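Visitor:
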Amino acid sequence: MNRVWVLGDAVVDLLPEENNHLQQCPGGAPANVAVGVAR
427 MNRVWVLGDA VVDLLPEENN HLQQCPGGAP ANVAVGVAR
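Numbering (our numbering), first residue to last: 427 to 465.
This is the structure we're talking about:
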């Protein structure tokens, strides 16, 4: 099995919802790359 190292910041995106609340979603380019490579 090959290994891939991903370095960077993992952030939380705050997406507005209709009821004036913010939905917290994990994000950030390094986190997205890590998830994509894991699939």
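Beta carbons: idealized from backbone N, C-alpha and C, even for Gly. Keep in mind it's a predicted model, so treat the numbers as computed, not measured.
(1) How is the beta strand (DSSP E) around Gly453 delimited, first residue to last?
(2) Express the C-alpha separation of Asp439 and Pro452 in angstroms, rounding to a whole number.
(3) Whose C-alpha, out of Arg465, Gly454, Gly462, Val463, is nearest the C-alpha of Ala436?
(4) Compute the beta-carbon to beta-carbon distance between Leu433 and Pro442, rounded to the nearest angstrom, for a pair I have assumed lies under 8 Å.
Guide: Quick answer:
(1) Position 27 of the sequence shown, counting from 1, holds the residue named residue 453. Counting along the chain, the unbroken beta strand (DSSP E) around Gly453 starts and ends at 448–453.
(2) Walking along the sequence shown from the start, residue 452 turns up at place 26. Walking along the sequence shown from the start, residue 439 turns up at place 13. Looking at the two C-alpha atoms, the distance is approximately 6 Å.
(3) Indexing the sequence shown from 1 puts residue 436 at position 10. Ranking Arg465, Gly454, Gly462, Val463 by Cα distance to Ala436 puts Gly454 first.
(4) For the purposes of this step, residue 433 is identified with residue 7 of the sequence shown, where counting begins at 1. For the purposes of this step, residue 442 is identified with residue 16 of the sequence shown, where counting begins at 1. Taking 8 Å as the upper bound for CB-CB distance, Leu433 and Pro442 are not in contact here, some 30 Å apart.
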